[in-house]
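Here is the structure we will look at.
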Amino acid sequence: MNKKGKEIQHKKILINSVLSWTLQDVLNHHLYRDKVETIPKTFSSLEQYLNSYRYPLLEEIHAEMNASMENLSQSPACRIVSVKKDRSYKPPEKLLHQVIFDGQYQPYRNDVIALLDARPTSSEDLHNPQRLFVPAIVLDVNIKRKHNALQILTLKPIMAEKGEEKMIEPRSAVFLLNLLPSLRIWEALNGRNSSILKEVVSFDSRVEVSCGVCSQKVECLQENNLHTFNLNESQLEAVISSIETSKCDHKSSVKLIWGPPGTGKTKTVSVILFELLKMKCKTLTCAPTNTAIVEVTSRLMKIVRDASLQNGSYGLGDILLLGNKDRLKMHEHDHLADVFLDNRIEALSQCSVSFSKWGSWIKTMISLLKDSYQLYRKYLESRKNTKTENRTCCLFCGKRDQVDDLEDEKINIALRISLFMRKQLRYFEKEMSSCIKCMCTHMPTSIVSVKMVGNMFRALELFKYFTSLLQDGSFTDQQVTKIFSGSETIQFTVSDPSLRFLSKTRNECLEILYSLTKLSVPLFRNDRAIRMFCLQRARLTFCTTSSSAKLTKITKTKLVIIDEAAQLKECESAIPLQLPNVQHAILIGDERQLPAMVQSKISEEAEFGRSLFERLVSLGHKTHLLNVQYRMHPSISLFPNSEFYSKQISDAYSVQQKSYTKDLLQGNMYGPYSFINMSCGKEELDDKHSLNNMMEVAVIAEIIENLFQVAGELIVVTLTTTASVANGQKVSVGVISPYNAQVIAISKKLGFKYVSHSDFSVSVRSIDGFQGGEEDIILISTVRSNDYGSIGFLANHQRTNVALTRARYCLWILGDGKTLMKNNSVWRKIVLDAKGRGCYFNAEDDKRLSKVIIDSLVECGQLNDLLKMKSLIFKGARWKVIFEDDFWKSFVRIKGVVTRKDVVAILMKLATGWRDRPSRSRRKKLTITNGASSPLLKQNNVDGFYKLLWTIDIVKENKKHIQVIKILNILPHMEIPRLAKNLDTVFGSYSIEKMSRCEFKCLEGTLEVPMSWESHWVTKQRYLKPKEMSTGLASLSLWDRKATQQKS
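The working numbering puts the sequence shown at residues 21 to 1068.
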């Protein structure tokens, strides 16, 4: 079996393994537990290295399919219209079928789908033995107007053979996963180009990585060649070391560049790539995601356009971006259009006809300039022998006359020689201009040299020059004939300086045109040939690590650069490292940030998610540390630098300046760094077992709204502060949370309010989704709030590092300090650090946030927390407020959030000393009874239906008797008389002195404040009989035991 046959057979092993799983296998969480072994850090052979990843990869695919089965009812699905055997159907191995389908879900190649007899509501529905479940893989998709067709492969028959009993027919196809990324990894584990892999497998930290011979050859690349990039010492060292590596032909090597957050990693990579481009070193640059690869390509393009582009876009043909147009979001990146492979194929395909005419165009132009008089005579002869309607605009093309401004032609009079020349030059200048532009932009420099491009553009300039001279009438027809004639019979002497200059220019143009005849323009049969040409000839190619599997036929790639290498599983890195002729690899990353995502717990425990970068670092591989950070305000970088990087990172001069700040909201809470304590929050599980905290959602929404108001106005006056900023100041805000449920809740709360504002942007993502990103202001929602200090995967050091290092100017962390302190993790250190630095604040200390917290407590039904005396609604209150049981029962029964908020608002005002002052007429209406309670029973309207009923009472506290507010109940107006009647009975037990003290009022301005008396105050009291007392108290449920004891 040849090499290609072995690769196909190796691919089939994975496909057959996946398709062989029964429903019970898919739902079995321990299917591969006994086969998955921990991946070691060192390996005895290349075979052991490759084999160690196979079962963990299978287990990861299995875990992904298992997760899809749990959400089967919500997965994309299509209806199966018909199924028939494919022409290549050959049991038992080639069970190929053609499936006609319709529906919103349109499968892609390598989709693994479940063929079902009906769409299930859950995976439990499939346990019925009468139900159909057959895994299949999509091999081809054919979308047509009449119908959509799939070619699928199964291992289990879905159609009965002749003479067999009829089988259950599939009626639905549900998406489970796309197998392509895993197939690419699996193929890489087959081991193609092993030179780099052997270096990776047999790495020994005691052996010097650098080549002593080649390091001496980089003498020409001195610091002064790179001074324009303003690199720091560590960046410069990384660039020079990388160039040394690329020049080495003696040995294979792997270099590591360690780039902590904000240290200019992408800038360093782009400078390395720019130098490699100038050196014409064929290099492949990969990254885990489309976002990352677009970022590094964009940075290189900026350098190329600023530093070296000549004659339009010449040189871009050496740069190529490969990928899916939609996933790369090319509509958002117009600056990359010239290097995107699909665009390049389209452009070269459209110019293919022009390329085929290139040689004849040049020859014709030489003839025109060398002896235009002879061509002009041919033109005149052709007019005599051709009908007017069949005449062409140019002697050398088949187009009808399109030049409207040449009046002589219109009236059937032959053009003068000057107009004839002008017409020919204009035609060729137009045709060749678009062709030259396409060549300069899309042809590699190995085909079109710098000198050739210069000659092309000079020729176009001369064509335009001749056209302008012939247009303004500077020369007579006789003079034009003399200059552009090669006939020896015409005798003339060039004495006029202008004629002499024209003659000299004509000779220069002829010389240039002769040089252009040497250009061999490649001709292409089809788009596939163009694609292969572009990939083979490009000096710098950019694509995701997974997409690099498409480059197995591309040779002479000497160097592979993997950006964000610490985010890749090591087996993913094997895809580009095994491409033909690859000799060196440069890995750029930070193993102290988040690694690759692993869905299977079994594979995760087996170190399947560990990157090549991390493994080599753990073995002592030398790294080039980028040790100056340019992103974070020093107050933000202080803790991460100390906790995660052992204080090896220094702050750049630029971030230490006083101007490096955004003081949008005044107050210490909104400085560069703060921990905002959310003691009233409550974590809750959603239906997908992810956590959210609606209190933090509300507070974050309020902070963002305040920022938005400040960013768009000159002066914004808030309830507590005044903030002043320049009008139209651009602000980008990022909200990060470890939990998807919280991300969804915040996004839903914010809606689309800030989407259309160019000067104010808000991005809400998970911590994992924010890796590699940065914003002016970052708010972190930690979510966790419980009594036992559980914080789950929030405790992960790498995840915490990412969250803390995304902000430029301000980082505000929202969390329950008490919960985080109980957990002995990095978050305990964060809280202690914030307290030690004076950066720890309570959210309720901000009046705006306090109101939001109160509203959120009401909305979430956290009424007990809300109405505790120490609650923030009574913070700074003048009156002590006591609540009766009947009030609680009534308050809980009220379901309207607006009504609840009204009650809380009245309680807050009453506690401050505010009193409703009704008019005399209204006061009469409020009189309910003439009993003992009449002077003391107070009421306030709540939403026009309910009445909040309360009174003033006397309690003993700290050896003093003080006035307090007692909240009795919330009742409709019709039920108040009954409460008043029972209250009369209770107040009947009070002495006259005590009743009068309850009625005392002390005013401070418009506010009523409580009065107090020394504890020696004693009065004679008349008591009710025990029976009367118990009846009254029972009917009213007015006083608890403590209150009763305090009254005596």
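For glycine and all other residues, C-beta sits at the position ideal for the given N, C-alpha and C.
{"query": "Cβ-Cβ distance between Ser-710 and Asn-760 below 7 Å", "result": "yes"}
{"query": "Local conformation of Pro-155 per DSSP, three classes", "result": "strand"}
{"query": "Alpha-carbon spacing of Lys-855 relative to Glu-864, whole angstroms", "result": "17 Å"}
{"query": "Backbone secondary structure at Ala-626 - three-state DSSP", "result": "coil"}
{"query": "Among Ala-931, Pro-938 and Thr-1005, the one whose alpha carbon lies nearest that of Trp-970", "result": "Ala-931"}
{"query": "Local conformation of Tyr-966 per DSSP, three classes", "result": "strand"}
{"query": "Other residues of its chain near Ala-827: CB distance less than 6 Å, five sequence neighbours each side excluded", "result": "Ile-656 and Ile-798"}
{"query": "DSSP bridge partner residues for Gln-649 (one or two, in chain order)", "result": "Asp-671"}
{"query": "Backbone secondary structure at Gly-609 - three-state DSSP", "result": "strand"}
{"query": "For Ala-1000, three-class secondary structure by DSSP", "result": "helix"}
{"query": "Closest residue to Asn-601 among Ala-479, Leu-246, Ile-216 and Lys-678 (Cα-Cα distance)", "result": "Ile-216"}
{"query": "Inter-residue CB distance, Leu-92 and Pro-140 (contact presumed, cutoff 8 Å)", "result": "6 Å"}
{"query": "His-82 versus Val-46: straight-line alpha-carbon distance, rounded", "result": "7 Å"}
{"query": "Boundaries (first-last residue) of the beta strand (DSSP E) holding Ile-2", "result": "Summary: the structure shown does not reach residue 2, with the chain confined to residues 21 through 1068, and so no result is reported for it."}
{"query": "At least three beta-carbon pairs within less than 8 Å, the segment 377–390 to the segment 548–565", "result": "no"}
{"query": "Residue range of the unbroken alpha helix (DSSP H) whose run includes Glu-295", "result": "285–298"}
{"query": "Counted within 10 angstroms of its Cβ, other Cβ atoms place Cys-1022 as buried (16 or more) or exposed", "result": "exposed"}
{"query": "Beta carbon proximity, Cys-554 to chain B, threshold 7 Å", "result": "This model lacks chain B altogether; it includes just one protein chain."}
{"query": "For Ala-312, three-class secondary structure by DSSP", "result": "helix"}
{"query": "First and last residue of the uninterrupted beta strand (DSSP E) at His-117", "result": "115–122"}
{"query": "Environment of His-993 [buried if 16+ CB atoms lie within 10 Å]", "result": "exposed"}
{"query": "CB-CB length for Leu-170 against Tyr-73, believed under 8 Å", "result": "Between Tyr-73 and Leu-170 the Cβ distance is about 31 Å, and since that is not below 8 Å, they are no contact."}
{"query": "Neighbourhood of Glu-1134 by C-beta, 6 Å cutoff - its chain only, sequence neighbours within 5 removed", "result": "Absent from the model: residue 1134. The displayed extent of the chain is 21 to 1068, so no value can be given."}
{"query": "Option nearest Leu-883 by Cα separation, candidates Val-924, Lys-871, Trp-899 and Gly-858", "result": "Val-924"}
{"query": "Residue from Glu-315, Lys-471, Glu-1013 and Lys-31 whose Cα sits closest to the Cα of Gly-792", "result": "Glu-315"}
{"query": "Three-state class that DSSP yields for Gln-44 in the structure shown", "result": "helix"}
{"query": "Between the CA atoms of Val-274 and Tyr-665 - distance to the nearest angstrom", "result": "23 Å"}
{"query": "CA nearest to the CA of Asp-326, picked from Asp-346, Thr-305, Ser-290 and Leu-348", "result": "Ser-290"}
{"query": "Pair within 7 Å by beta-carbon distance, Val-878 and Lys-921", "result": "yes"}
{"query": "Straight-line gap, Gly-337 to Leu-579 (C-alpha atoms, nearest Å)", "result": "19 Å"}
{"query": "C-alpha distance - Leu-539 paired with Asp-106, whole-angstrom precision", "result": "50 Å"}
{"query": "Residues of its chain near Asp-358, where Cβ-Cβ distance is below 7 Å and the 5 sequence neighbours each way are ignored", "result": "Ser-333, Leu-336 and Thr-461"}
{"query": "Assigned secondary structure, Glu-704 (DSSP; H/G/I helix, E/B strand, else coil)", "result": "strand"}
{"query": "Nearest-angstrom Cα separation, counted from Asn-130 out to Leu-196", "result": "11 Å"}
{"query": "Backbone CA spacing between Lys-708 and Glu-84 [nearest angstrom]", "result": "16 Å"}
{"query": "Closest residue to Cys-880 among Glu-1034, Pro-112, Lys-702 and Ser-1011 (Cα-Cα distance)", "result": "Lys-702"}
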